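One structure below.
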Amino acid sequence: MYVQVNSRKLNLDKIPHSNLVFLIDVSGSMDMPNRLPLLKVGFRKLVENLRPVDTVSIVVYGSVVGVMLQPTSGADKKKILQAIEELSPGGFTPGEAGILQAYRLAQSTFIKGGNNRVILATDGDFNVGNYKEKELEELITRQKQSGIYLTCLGVGMGNYKDSKIEVLAKKGNGNFAYLDNEREAEKVLVRELTQTLYTVADDVYMNLWFNKSLVEAYRLIGFDNKLAAIADSNNLLEGGELGSGHSMVAIFELEPTQKNRDAASYGVMSEPLANISIHYKLPGSKQERLHAYSCPYNFLEFRESQAHLRFAATVALYGSLLRSSPYVQHVEWEQMPGMVKENMDSNDLLHQEFYDLVVKTQKIYIPLRKKRKSDQ
18 MYVQVNSRKL
28 NLDKIPHSNL
38 VFLIDVSGSM
48 DMPNRLPLLK
58 VGFRKLVENL
68 RPVDTVSIVV
78 YGSVVGVMLQ
88 PTSGADKKKI
98 LQAIEELSPG
108 GFTPGEAGIL
118 QAYRLAQSTF
128 IKGGNNRVIL
138 ATDGDFNVGN
148 YKEKELEELI
158 TRQKQSGIYL
168 TCLGVGMGNY
178 KDSKIEVLAK
188 KGNGNFAYLD
198 NEREAEKVLV
208 RELTQTLYTV
218 ADDVYMNLWF
228 NKSLVEAYRL
238 IGFDNKLAAI
248 ADSNNLLEGG
258 ELGSGHSMVA
268 IFELEPTQKN
278 RDAASYGVMS
288 EPLANISIHY
298 KLPGSKQERL
308 HAYSCPYNFL
318 EFRESQAHLR
328 FAATVALYGS
338 LLRSSPYVQH
348 VEWEQMPGMV
358 KENMDSNDLL
368 HQEFYDLVVK
378 TQKIYIPLRK
388 KRKSDQ
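Taking this note's numbering, I'd label the letters of the sequence shown as residues 18 to 393.
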């Protein structure tokens, strides 16, 4: 069962004025081609799309913590691009000091009713100052009360701290993206600019109730980093921020009741398969809004479903194989490339990139699996 949630797409002419602070890690660990140089490429692409009404500042942290570029109009692209070009790596990673400096600068140029946002770009290796995850969470949580959002961009491999960056984005009422090449940087900072930088809903969370007469049991595929929150029904759910035009798909594996099996064989059901409620707030508002939706019973055999749904299933299967999930023990790595190719759109560059990733992964995992068996 697929559940897709989409947020409305803003008209670019009506997007609020932006007050952006680029908070860039220029420590020694960023001195690699897929780190600071990649971020420079991404930020240059972003700057090209700024409007004169937008304001950009740059704060850096590394051997020093300071303001590299004072608030500058988006019309003065030459000045902004020059400041980006002059960034060079060196020193330790005083992440806390950099975050404090960036938020102070964002507050000093705060635009009421505008898009006020700190964009943190780092490999997440905070090694100087108050850098423990819990302490950084508390710092960001305090700062978000001022109405300033946080976007986190992660780069690098090896000492890359994905968990730290994702937690910061969550606590900062913001979003998170990982950049591994120029194409991904362009995707996040140009093609998906409104999703990344412009918020249309805050504190968004979803509740789903399955129809007990049709669903015997269910399993949510993925979202392992949210298992604790999902399992603890006594917890107050903490929602997230949604950007303009954002789309998310949740995939459930269902075990049908006998009544459901009969319906799949002989016809359709008039009663819903599940009911969904989406809770959210508009930016700047404390009033919670609610949208309810009833999922129709529209069962289709897998091979009869739409191609993009079949492709989504192969992506979920790939993730499960990577995690050695006990639910996919019947699937072999040798099967994956053929399954992806059968269901992908060959004209879609992202689909092609995923196929290439599966082929590379297969070359790594199959020899590893054979080695483990021989060692046993």
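In this text, a Cβ means the ideal position worked out from N, Cα and C, and glycines have one as well.
Please read these numbers as outputs of a predicted model, since none were measured by experiment.
- Under the three-state reduction of DSSP output, Q21 falls in the strand class.
- Contact between E258 and Y166 holds: CB atoms are separated by about 7 Å, below the 8 Å threshold.
- For D42, the three-state secondary structure derived from DSSP is strand.
- Taking the C-beta atoms as reference points, V135 is found no nearer than 7 Å to I97.
- In the structure shown, the three-state DSSP call for I165 is coil.
- Contact between the stretch 112–127 and the stretch 153–163 is present: 3 or more CB-CB pairs across the two stretches fall below 8 Å.
- Inside the stretch 32–102, DSSP marks whole beta strand (DSSP E) runs of 3 or more residues at positions 35–42, 72–78 and 82–90, from first to last along the chain.
- A distance below 7 Å between beta-carbons, with the five flanking residues on each side excluded, links Y215 to the following residues of its chain, in chain order: L27, I32, N132, G260 and S261.
- DSSP lists I293 as the bridge partner or partners of L225.
- Per the coordinates, the alpha-carbon of T274 lies some 35 Å from the alpha-carbon of F371.
- A contact between stretches requires three or more CB pairs, one per stretch, nearer than 8 Å, and the stretch 348–364 fails this requirement with the stretch 35–55.
- The beta carbon of V84 sits closer than 6 Å to those of V76, all from its chain and outside the five residues before and after it, given in chain order.
- The shortest C-alpha to C-alpha distance from V217 to any of S230, V20 and S24 is the one to S24.
- As the crow flies, the alpha-carbon of N192 is around 15 Å from that of E201.
- Scanning its chain for C-beta atoms nearer than 6 Å, with the 5 sequence neighbours on each side dropped, one finds around H34 the residues V70, I128 and G131, in chain order.
- DSSP places V332 inside the alpha helix (DSSP H), whose first and last residues are A324 to L339.
- Boundaries for R121: no beta strand (DSSP E) harbours it, while the alpha helix (DSSP H) harbouring it runs G112 to S125, taken from the DSSP string.
- With contacts defined by Cβ atoms closer than 7 Å, A138 and L170 form a contacting pair.
- Counting the other CB atoms within 10 Å of its CB gives M361 a total of 16 or more, which places it among the buried residues.
- Distances from the CA of D279 to each of V232, L237, K94 and E321 were compared; the closest alpha carbon is that of V232.
- Your pair A309 and Y19 does not check out as a contact, with CB atoms roughly 19 Å apart and the cut at 8 Å.
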